[in-house]
Amino acid sequence: MCSWTDGRTLVVQLVPRGASMDDHDPASGCLHEKKKLPAFTWEVRANNRSYHMQFKKKFAFCLTKKKYAGNAIKTAKYNILTFLPLNLYEQFHRMANVYFVFVILLQTIPEISTLPWYTLLFPLSCLLTIRALRDLIDDIGRHQSDRNINSRPCEILSGKSFRWQKWCDICVGDIVRLRKESFVPADMLLLCSSEPSSLCYVETADIDGETNLKFRQALPVTHRELTSEGSVAAFDGRVTCEEPNSRMHSFTGTLQWRGETYALDSERILLRGCKLRNTDFCYGLVIYAGFDSKIMRNCGKIKRKKTKLDRMMDQLVIIIFLVLLAMSLCLAIASGFWAKTFQEKHTYLSALYKHTAPAKQAFFSFWGFAILLSIIIPMSMYITFEFIYLVNSFFINWDLEMYYAVKDIPAKARSTSLNDQLGQIEYIFSDKTGTLTQNIMSFKKCCINGTVYGLGTGRENKQPSGSGMTWSHRGEKMSYSNDVTLLEAARRDSDPLLREFLRLLALCHTIMVEERGGQLVYQAASPDEEALVLAARDLGYVFLSRTQDTITISELGVKRTYKVLAMLDFNSDRKRMSVLVRDPQGTIRLYTKGADTVILARLRSRGPSETFTERALDCFAEETLRTLCLASKVVSEAEYCEWSRRHQEASILLQDRAWQLDSLYEEMEQNLELLGVTAIEDKLQDGVPETIQLLKLGNIKVWVLTGDKQETAMNIGYACKLLTDDMEILEEKEVSEILEAHWVRNSRSSSRKAPGSGRLSQQHPGTSCHKKRALVVSGDFLDKILHTGEVLMKEEGWLWQWLPCRGATDSQEQGSLVEKAFVDLATSCQAVICCRVTPKQKALIVQLVKKHKKATTLAIGDGANDVNMIKTADIGVGISGLEGMQAVQCSDYALAQFSYLQRLLLVHGRWAYLRICKFLRYFFYKTFAGLMAQVWFAFHSGFTAQPLYEGWFLALYNVFYTAHPVLSVGLLEQDVSAKKSLEFPELYAIGQQDELFNYRIFGVTLLHGVSTSLASFYIAFWAFKDCVGSKVVGDYESFSVTVATSALLSVLVEIILDIKHWTVLSFLMVTASLLLFCLFSYLTQSIDAFRIAPAIFRFPDASQNALTDPYILLVVLLSLVVNTVPSLTVRSYHAITGRHSIQQQICSKARREPEPSVELRTHVHRGSFRRRSSYAFSHQEGYAGLITRGDSLRTKGTCATGGLHPQGTAPPSPSCHGPSA
C-alpha cells in the first residue's frame, strides 16, 4: 500500500513485488539469473555494528561466515598458505605434467630404470618453478592493487564524530562522509548533501561508461532532519531491502525511521565506484559492502586461460601416451614370444634363464620400453615453450610502434602464455566510451538559414576584421569559433535567425552555473549541452545564471533576463527538449532542440531553407557528427493561458500523468520555425576507423558493447566505420520478426521428425538477399530474448505451442535454442552494437559466442564496467585511459590506444602463432626422426629394450644438439615483414582456421619423422649388415653413431629448408648445434672419460672411429639425401603449382562470405526520411523537473543544507587514486 504524506515523500507498506514489476527492470543484470520474487530480507540498522556482526550464513558444508560482508576486497588468487598446493593443483591440470610424474615414478623402480629418477625430476622442477614464479608475480600485482584500494582513506562516523579510516574498515550500517572528487567506497543510501534539496552529482563512467553527470537525491525527511553531525550520529533508521545482487540500475527497499516508512529506489543509492562531482560533501549509510556491492557482483572471477594450442597439446599428450603404451605392449608381447622361442631353440643356455620366465621378461620389457620411448614428449619442449612465450612478450613490451609518447605508456604483455592466441582472434568485443572515443565533445559546425559555418568550410583560422571581441568568461578561445564569417555575423547582429539560434543555445538547456574566482563554471549533466553552451558563450551569448523561474544571459554584452514559464523535459522517446520563456519585451517564445526526425516533422512549412538544411544534415551525417535541429515559435498569450491551465491539471494527476504531459508537450511543439542545425563531434581516438577496417579485412568481427544510449552508440558506429550507409540496420523489432519466422519454420519442419530432435535446423536461405547487415539491440532486449525468450511471445501465445512438438519441453532447453538462434543471427551480421548493457551482460554475450560458435574472442575496455568481459574473453586487453586502471589490472595485455590493437594482432599475434606452430611441428618432427629408431632397433635386438643410442646422446639430443635451431624459429621466424602484415591483413586468417598446426599437420609431421627415422636406421643397417669398412668398422657403437649422425643432420637440413627469415642469430644457432654435437661427442667418448667412469661413458672413441671412415661418411650422405630429396620435391611442387601460396589461399577465403544459418529477410526501412539521422544526445531525463521545482538551485550565499558543515582535517594520505573521468 502507498500514500503521499506531502508533496514529495511516498510512504509505503512493503509487499512482495510481482514478476511483472521485475520484468520491466531495464537493466536487471545477469541474463541467466532466475526471475523470482526478490527476497526483502536484507536489514541494515544505522550506527549499529553489533547488530550486523551477530548474523552468520552457511557457505560450504557446515562452515559459516558473516552474512554482512566487510568492505575489504580480495581479487588475488593465492595467499602464503594456499599458493603451493593451489598452484600445483592448477599446473597438474596439464596432462604433460601428469605424464612426466608418471615417468619419474617408473624411474624409481631399479629393475626397469634406465636413468636415475632425480635426473628427470630436476627439469620437471624447473618447469613447475618457472610457471609458479610467473603466476606468483601476477598475483603479487593483484595483492598490491587490492592493498591500494583497501587502504584508501575515508571518513567514518565513530561515536559522535567522523574519523579518517581506511576503506577496509567500513562495515554495513556505518555512516560515511564523502567529499568532492572522492570515490564512493560502498553501496550507500544518500542521507543528505551540501547541495540544495540534498542533491548529489555523481559520475558513473566506471559503471555504465557514461561521463555525463547523474544526480541522486536524498529523502526529504533525512534532508530536513539531519542538519548537524550530532543528528547524523543519532540517526537510527532501519533499511529493509533486497539481498545483494548484480542488477546495477535496480534497487527496491524501505527506510523505517521515527515510526514512518519511506520508499527507496535506485535514485537514492550511491554505488561503489562512482565519483562525487560538483558536490562539496555528502553523507551516506552503507547498505552493501565489499563483494556484496553491485559493481563487485559484476566483476566475475579470475579464470585460468588456456590457448587453443594448449588444449590441443593436452589432447595430443594423451594420444601419444596411449600410442606409446600400445607400442610398448606390442613390443613387450613380442619380447615374451622371442624369449620363449630363444629358450626353446637354445636349451643349452637354460641355466641363464632359470629365473626368467617369458611372461616376466615381457612384463619388464613393457615398462622398459615405456621409459625408453617416454622421451618422445620431452620436458625440454615445455621449458623452451615457456622461454619462447616470455621473449615474445618482451617483443610486445619493447615495440616502439605501440608506445604512447604523449602519456609515456608502453604496451605491456601482462600474461606471457597467450601470445599465440593473439593470432587466432575471430571476434573482438569493445567498449565504446574511453576505448573507441576520447570522452571529448566539441562543437564543429552549424547550419543557419541555409549557410554552413564551422571547421572545414574554408573560412576558419582567419582573423576577423576590426577589434576581436571575446565573450568567454574564462578567457578561452575554442576551436569551433574560428569561422570568421560566423564571428562577424554574430557581432553585426543583423540576422534575426542567427540571433534566435544563438539565443536558443544559451536558453534551452539544464546546465547549472556558479561563479568561482570571477569565472563562470558550468555544471553540465550532458557533454553535448556543455559544448553547445560554450559555443554560444564564445559567440557572445553567455549563460550567466538561473533561478527556479528565470534565466539570465548576456547577449553581446547586454544582460537580459527571461522568465521561464515551463520546461518540457527530454526523454528517449520524445528525443527533444523545449523551454517556454517570456522575454523582457513580454513575448512568449518556445525554443526546441532535438532529433531531425522529430523536429522536421513539426515544422509549420517547408521552404528552400529547410531543403538546404536537410542537405546539410546529410553532409554532417557523412562526417559522423552528432546533430541537433533547433526550432522556435511565438506563442500567443491566449494559447499559453489555455495550455498552462491544462498543464497544471495534468501535473497533479495520479494516473496517466506522464502520458497526459507528453500529449500536452506534443501539442505545444507544433508549427515550429526551423532555426538551424548544430553538429558536435564525439572525438574518436586516433586511428580507430582505420584499425577497424584492417581488422575487418583480417576476417575479425568487431562488436561494440556499451552502456550508452542507442543513438550515441550508432553514431560512433558510423564514425569508426563499423556501420556504413549501405548496411541494413536490424533493430529489436526486426530481430524479433526474424527469429519468430525462423522458429516457426524450423518448428514446422521439426514436427515431422522424431519428437526428440530438438535441434535448431540449419536451413540456409535460398532467395534471401545477402546484403550487408548490422544488428543493434539493447540490454533490456537481450535480457528478455536470451533468458526467457519472452520477446517472441505474442498476446495470443500461439508461437510457443510449437515447442512441445520439438521436444523443447524444458524451459532451459527453450532458452538455449533461442540463444543459439540469436547468436547465429548476430554472427551472420557484419557488425553488432549492444547498447545499455550491464557489465554482467557484456560478459555473458562474450560467453554465448564462445559457447555456440567455439570462437576465439578478445575483449577490450578501459573501465571497471569492462572487467567481467575482459576476464571472460579468451584474451583481455585493457586500455590505459581516463577511467582508471581497473581494466588494465585484470587484463592480459595493456595498450594505451585502441589503434595499437592492429599491430598487436596482425603483427605480434600472427608472428607468435606462426612461431609456436613451427616450433611444435619441428620439435615433434625432430623427436620422432631421432628417437623412433629405438623402436626399429628393438626388432633386431630381441625386443630387449636395449637402447640404440649412447645415453649421453639421448640426454643431449633435445637439450643441445637440436634445441638451438628450433629456438631461433620460435623467437625470430617471420613469413612476411611487419609492414606487409599490415598491408595484407587477409594473411591473418591462417590462425583463425588453425592451418599451421592441427591434427592433420601433426599426423603429417609424425609420418615425416617416422620416415626419416626409418631411412636413417635401415640404410645404416643395410650398410652394416654384411659389409665392413676399411677400418673394419662394424660394431654396435659405430652403428649407433652412424644412425645418430644421419638422423641429426637430416633434422638440421630440414629446419634449414623451413626457415624463411634468416638472421645472424639463426645462422649461429644452426652452426652451434653442429659444433656442440662434435664437442660433446668428443668429451663423452674420450678414452680418459672411459677410464674414469666406464659405466657412464660407454662409447670410447666411437665417433672418431666411425666418422673417419669414408664408407661410413658415404652412408651418412646417402641417408641425408634420401631424407632431404622428398622434402625438397614437395616444396618445389607446391611452389610451382601455387597450391599453398599464402597470399592466394587466404585472400580467396577472406573474401568468401559465410552464409548465415538464420535466414535474414529483407525488411522495409522504417521512417519516411530518405537519409540517415545522425542525431545523438547524451542527456538524462529528470533535470528539468529539478530546475522547475528549485531542488537543484543554491540559495545565494549558502553552501550547505541546514548549516551542516563537515568538520575535521584533510585525509591523512593524499594517495586516493582511482579512475578519473
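Numbering-wise, the sequence shown is residues 33 to 1253 according to this note's numbering.
Glycine residues also receive a C-beta, built at the ideal position from the N, C-alpha and C atoms.
Between the alpha carbons of S367 and L138 lies a gap of roughly 19 Å.
The DSSP assignment places complete alpha helix (DSSP H) segments of no fewer than 4 residues inside the stretch 375-442 at 390-404 and 411-430, in order along the chain.
Contact between the stretch 368-380 and the stretch 987-1001 is not established, with fewer than three Cβ pairs separated by less than 8 Å. In the DSSP assignment, R569 falls outside any beta strand (DSSP E) and lies within the alpha helix (DSSP H) extending over P559 to D570. A direct Cα-to-Cα measurement between L716 and I724 gives close to 12 Å.
Contact annotation: V208 and I188 have beta-carbon atoms nearer than 8 Å. Closest in alpha carbon position to A1076, among I1091, A1047 and D1090, is A1047. W675 is the residue among I902, L657 and W675 whose C-alpha sits nearest the C-alpha of S695.
Taking 8 Å as the upper bound for CB-CB distance, T624 and R638 are not in contact here, some 17 Å apart.
Sixteen is the threshold: since fewer than 16 other Cβ atoms of the shown chains lie within 10 Å of the Cβ of A1127, the residue is exposed.
Rounded to the nearest angstrom, the gap between the Cα atoms of I1091 and L405 is 29 Å.
In this structure, I1087 places its C-beta atom within 8 Å of the C-beta atom of Y954. Its chain contains G730, L938 and R942 as the residues whose beta carbon lies nearer than 6 Å to that of Y1020, once the 5 sequence neighbours on both sides are disregarded; these appear in chain order. Around T140, the same chain offers W149 as residues with beta carbons nearer than 6 Å, after the five sequence neighbours per side are excluded.
If the five residues before and after S1135 are omitted, its C-beta is found closer than 7 Å to the C-beta atoms of V1073, S1113 and Q1117, all from its own chain and listed in chain order. For S1078, the enclosing alpha helix (DSSP H) has its first and last residue at Y1068 to D1090. Its chain contains F461, T889, A891, M901, T904 and A905 as the residues whose beta carbon lies nearer than 7 Å to that of V878, once the 5 sequence neighbours on both sides are disregarded; these appear in chain order. K665 is a Cβ neighbour of L622, given a cutoff of 8 Å. Cβ neighbours of D206 within its own chain (closer than 6 Å, five residues either side excluded): I188 and V318. If you draw a straight line from the Cα of D894 to the Cα of A568, it comes to about 33 Å. The bridge partners DSSP lists for K625 are M609 and L662. Going by DSSP, G316 is part of the beta strand (DSSP E) stretching over F313 to Y320.
In its chain, beyond the 5 residues on either side, R805, A806 and L807 have a beta carbon closer than 6 Å to the beta carbon of C861. DSSP places S225 in no alpha helix (DSSP H) but in the uninterrupted beta strand (DSSP E) bounded by D219 to S225.
By the beta-carbon neighbour count (other beta carbons within 10 angstroms, threshold 16), K872 is buried.
DSSP places D714 in the uninterrupted beta strand (DSSP E) bounded by E705 to L716. Beta-bridge partners assigned by DSSP to Y233: F247 and R309.
Its Cα nearest to that of L356, the residue M964 stands out among C200, F417 and M964. For the pair N103 and I301, the Cα-to-Cα distance works out to about 17 Å. In the three-state DSSP reduction, I761 falls in the strand class (E or B). In the DSSP annotation of this structure, Q580 is not part of any beta strand (DSSP E), being labelled neither H nor E. One alpha carbon belongs to E654, the other to G749, and they sit about 12 Å apart.
The C-beta distance from M746 to I865 rounds to 6 Å, short enough to meet the 8 Å contact threshold. DSSP places P142 in the coil class of the three-state scheme, outside both helix and strand. DSSP places C949 inside the alpha helix (DSSP H), whose first and last residues are R942 to L963. DSSP places R77 in the uninterrupted beta strand (DSSP E) bounded by W74 to R77.
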